[in-house]
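Enquirer:
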Amino acid sequence: MNLYESIKKQDKEVFDAIAGEEERERDGLELIPSENYVSKAVREAQGSILTNKYSEGYPGKRYYGGQPFTDMVENIAIDRAKKLFGAKFANVQTHAGANANIAMYMALLEPGDTVLGMDLSHGGHLTHGHPVTYITKFFNFVRYKMKDPDTGEIDYDEMRRVAQEHKPKIVLAGFSAYPRELDYEKFVSIAKEVGAYSVIDIAHIAGLIAGKAVKNPFDYGFDVMTSTTHKTLRGPRGGLILTRENEEIGKKVDKAVFPGLQGGPLMHVIAAKAVAFGEALHPNFQTYAAQILKNAKAMEEIFRARGVRMITGGTSNHLILADVYGSLGISGKEAEQLLDEVGITLNKNSIADDTRGPMDPSGIRFGTPAITTRGFKEAESAHVAELMLDALASRDDKNKLQQIRAEIKAGCEKFPIPDSFV
Ligand code: DSN
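Each step along the sequence shown adds one to the number in the working numbering, with nothing skipped, and position 304 is 1622.
Set out below in structure tokens:
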């Protein structure tokens, strides 16, 4: 390893942690559906001297001098983001998806206003109004759910009824644990009926949208999209806010991000976002996005063939939520730990109307963005699914688990993490 020479020389403790993580990522399979491997170019941009600069404000309107290159890099990121998603406006400064959502609420709502979002136990996200978050002290959140967790169809009639009763100012689509595409026309029409903004959190599927493997919500009339940049989009950790056409909303978003919520933007991260957006504009990103879906389908088929219940019955995107407790009698936490031992990283996850607690729920959530970056196709993905289920069936068989671990390590050697995608 020669990437971290200076850290190695100067700070052995931190070097050891980084080297350990490098080895973990190299020798194991990453199935957490919100993670990915970025290119070396993205890492170089993120490790660049742009971290030295304070750039409060926006290109051409900063509060400090010395901005010719920060303006250049932020404008490149904005232009590429707009092009990728067909947006009229982009804010690339939010440090994370959570900040992007909070800034979006601040831009569009007054304290006390109501948001209609997906129930957290049915796939929604903490920042869509979980009671543990501070945003619930300022805004009121009401919910829609799936009609039937075994098909995944959203109960749009109930959603319309709740919207008419509570008159939300935002109808919020999007999720962090839902394996299907939403009916965007229904969301937008319900929002219009009650005079609400239609907003979608695309954090999980941003790369699938950019790669044209799934529908673009802007084509269906959504007003705003919020996102992270590090999941299927394969960029650095960070946030993004886009608007379809309304310049007024864009101005409100900019004010909400800075000075409303954040101080100095992370210009090194914005440079890395620009590089990642450039990669996503490359035609081969569409091949990548399409393969993510094919690989998830290949895993779905194995889980179905081996009788494991999947929430919504399967997947139409990059992730699967499997009821391992109901199907195999192993809890989500135990499954996560056992799979960790054989070199497969995923996360325990609550399933719809879970009777178990969030720290030891019934489900596991996994997906294909990272293994697809590694070059896995359908056959390898299906084999990973087989190995997962073999491991879960062999929890007391140390030899079998060791054999699976060795097989996974050999597969990782055959499919090294690439440095570049263009
Ligand atoms: N933590 C992210 C995920 O794993 O889906 C969402 O914030």
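All C-beta atoms in this analysis are idealised placements derived from N, C-alpha and C, irrespective of residue type, glycine included.
Checking 8 angstroms against the spacing of the C-beta atoms, do ARG1692 and LEU1664 come in under that value?
Expert: Against a cut-off of 8 angstroms, the Cβ pair of LEU1664 and ARG1692 comes out as no contact.
Enquirer: Cα separation between THR1772 and ILE1523?
Expert: An answer regarding residue 1772 cannot be provided, because it is not within the stretch 1319 to 1740 covered by the chain.
Enquirer: Under a three-way DSSP split, which group does ALA1592 fall into?
Expert: ALA1592: helix per DSSP, three-state reduction.
Enquirer: Would you kindly report the start and end of the unbroken alpha helix (DSSP H) that includes MET1424?
Expert: Unbroken alpha helix (DSSP H) run through MET1424: 1415 to 1426.
Enquirer: With respect to the alpha helix (DSSP H) encompassing PHE1603, which residues constitute its N-terminal and C-terminal limits?
Expert: Run containing PHE1603: 1602 to 1623, per the alpha helix (DSSP H) assignment.
Enquirer: If distances are taken between C-alpha atoms only, which option among THR1469, ALA1531, PHE1493, LEU1639 comes closest to LEU1444?
Expert: If we check each option's Cα against that of LEU1444, PHE1493 comes out closest.
Enquirer: May I ask whether a heavy atom of ligand 1 can be found less than 7 angstroms away from the beta carbon of HIS1446?
Expert: No, since every heavy atom of ligand 1 falls outside the 7 angstroms radius drawn around the Cβ of HIS1446.
Enquirer: With DSSP run on the structure shown, which of helix, strand or coil describes ARG1683?
Expert: Correct three-state label for ARG1683: strand.
Enquirer: Using the Cα positions of ASP1389 and LEU1584, report the straight-line distance between them to the nearest angstrom.
Expert: The straight-line gap from Cα to Cα measures roughly 13 angstroms.
Enquirer: Closer than 7 angstroms by C-beta to MET1319: which residues in its own chain qualify, once you throw out the five before and the five after it? Chain order, please.
Expert: Bear in mind that the predicted position of MET1319 carries a pLDDT of just 44, short of 50, making it unreliable; the figure below should be weighed with that in mind. Here the set comprises ALA1337, GLU1340.
Enquirer: Grab me the residues of ARG1498's own chain with a C-beta within less than 6 angstroms of its C-beta, minus the 5 sequence neighbours each way, in chain order.
Expert: Around ARG1498: GLY1470, THR1630, SER1634.
Enquirer: Which stretch, first to last residue, makes up the beta strand (DSSP E) that contains ARG1555?
Expert: No beta strand (DSSP E) contains ARG1555, which DSSP labels as neither H nor E.
Enquirer: Can you have a look at HIS1548 and say buried or exposed, based on whether 16 or more other CB atoms are within 10 angstroms of its CB?
Expert: Buried, since its Cβ has 16 or more Cβ neighbours within 10 Å.
Enquirer: Are the beta-carbon atoms belonging to ALA1616 and PRO1467 less than 8 angstroms from one another?
Expert: No, the Cβ-Cβ distance between ALA1616 and PRO1467 is not below 8 angstroms.
Enquirer: Note down, in chain order, each residue of its chain lying with its Cβ closer than 6 angstroms to the Cβ of GLU1704, except the 5 sequence neighbours on either side.
Expert: So the list reads ILE1620, once near-sequence residues are dropped.
Enquirer: Please check the pair ALA1747 and VAL1360, which I expect to be a contact at CB under 8 angstroms, by giving their CB distance rounded to whole angstroms.
Expert: What the structure shows of the chain is the stretch from 1319 to 1740, and residue 1747 is not part of that stretch, so it cannot be assessed.
Enquirer: Keeping to the same chain, check which residues put their C-beta closer than 7 angstroms to that of TYR1376; ignore five residues upstream and five downstream.
Expert: Closer than 7 angstroms at Cβ, skipping near neighbours: ASP1572.
Enquirer: Kindly list the residues whose CB is nearer than 6 angstroms to the CB of THR1544, restricted to its own chain and excluding five residues on each side of it in sequence; keep chain order.
Expert: Result list for THR1544: ALA1418, ASN1419, MET1422, ASP1519, ILE1559, in chain order.
Enquirer: Provide the residue(s) that pair with GLU1348 in DSSP beta bridges, ordered along the chain.
Expert: Paired residues: THR1663.
Enquirer: Compute the distance between the beta-carbons of VAL1391 and ALA1589, then report whether it is under 8 angstroms.
Expert: Yes, these two residues count as a Cβ contact at 8 angstroms.
Enquirer: Could you tell me the alpha carbon to alpha carbon distance between LYS1327 and GLU1731, rounded to whole angstroms?
Expert: In a straight line, the C-alpha of LYS1327 is about 28 angstroms away from that of GLU1731.
Enquirer: Rounded to whole angstroms, what is the Cα-Cα separation between SER1581 and LEU1707?
Expert: Checking the sequence, you will find Gly at residue 1581 rather than Ser. One C-alpha to the other measures close to 47 angstroms.
Enquirer: Does DSSP put MET1319 in a helix, in a strand, or in coil?
Expert: Any answer about MET1319 is weak, because its pLDDT of 44 lies below 50 and its placement is not dependable; what the coordinates show is given next. Coil, per DSSP.
Enquirer: Taking C-beta to C-beta, are SER1668 and GLY1644 nearer than 8 angstroms?
Expert: In this structure, GLY1644 does not lie closer than 8 angstroms to SER1668 by Cβ.
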